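First residue of the sequence shown? That's 714 in our numbering, and the numbers climb one at a time after it.
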Amino acid sequence: MNSMRMRWSFFLNLLCLPVPFVWMKIGPEGYENYGPDVPDIWILGGYILGKDTRWPPIGFAWKWQLAFILLTAFCTWRYLRKPNKLLLWFNLCWLILFPLWLEIYSDGVINNSDGADLSVYPMPGLLLWAAILGLHGVELWKSRSRVS
Numbered sequence: 714m715n716s717m718r719m720r721w722s723f724f725l726n727l728l729c730l731p732v733p734f735v736w737m738k739i740g741p742e743g744y745e746n747y748g749p750d751v752p753d754i755w756i757l758g759g760y761i762l763g764k765d766t767r768w769p770p771i772g773f774a775w776k777w778q779l780a781f782i783l784l785t786a787f788c789t790w791r792y793l794r795k796p797n798k799l800l801l802w803f804n805l806c807w808l809i810l811f812p813l814w815l816e817i818y819s820d821g822v823i824n825n826s827d828g829a830d831l832s833v834y835p836m837p838g839l840l841l842w843a844a845i846l847g848l849h850g851v852e853l854w855k856s857r858s859r860v861s
């Protein structure tokens, strides 16, 4: 039984990769400390812009987030091919923990940006996350009577 909810979830997961989740705007003090060309920081679903990705913690963080999104997409795709509530529960747990991860990731970027005077703004990726979480929750609720 291919659920339209899970098809949408799969599509939204892939859409998350290039979409920004957090924008960190450099403030006046940041321009004073780092010069006029210092870029704002964008945490995308599958990458980060405005930071040196060769620095191990930043390199780890963006790769971990990319892997998380791809794993969620893969489990959703797997569920479409062979429905299994365990896959829904697995994804739901990851999705529930994602805001905690994003907070840790953002705090790490801020702590690595001494004197950048960053202002943090939520971006559309968070709406995609909420939609995916909702789709998984509804699918799990609707599938409660089906045996898997």
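We put the beta carbon where it would ideally sit given N, CA and C, even for glycine.
Computed from a predicted structure; not experimentally measured.
Own chain partners of residue i with C-beta closer than 8 Å, once the 5 adjacent residues on each side are dropped
i      : result
Ala786 : Phe723, Asn726 and Leu727
Arg857 : none
Trp854 : none
Residues that residue i bridges to, as DSSP identifies them
i      : result
Lys738 : Ser832
Trp755 : Trp736 and Leu762
Other residues of its chain near residue i: CB distance less than 7 Å, five sequence neighbours each side excluded
i      : result
Ala844 : Leu725
Trp721 : Leu848
Of the listed residues the options, nearest to residue i (C-alpha basis)
i      : options                   : result
Glu852 : Asp753, Ser819 and Asn797 : Asn797
Ile809 : Thr766, Leu839 and Asp765 : Leu839
Leu815 : Ala774, Lys738 and Lys764 : Ala774
Pro812 : Ile782, Asn824 and Thr789 : Ile782
Ala829 : Asp750, Leu841 and Thr789 : Asp750
Cβ shell of residue i (< 6 Å), same chain only, five flanking positions each side left out
i      : result
Leu779 : Gly759
Checklist entry - Does the stretch 794 to 809 touch the stretch 738 to 753, meaning 3 or more C-beta pairs lie closer than 8 Å? => result no
Item to check | Entirely enclosed beta strand (DSSP E) segments - the stretch 776 to 856, minimum 3 residues | outcome: 832 to 835, all fully within the stretch 776 to 856.
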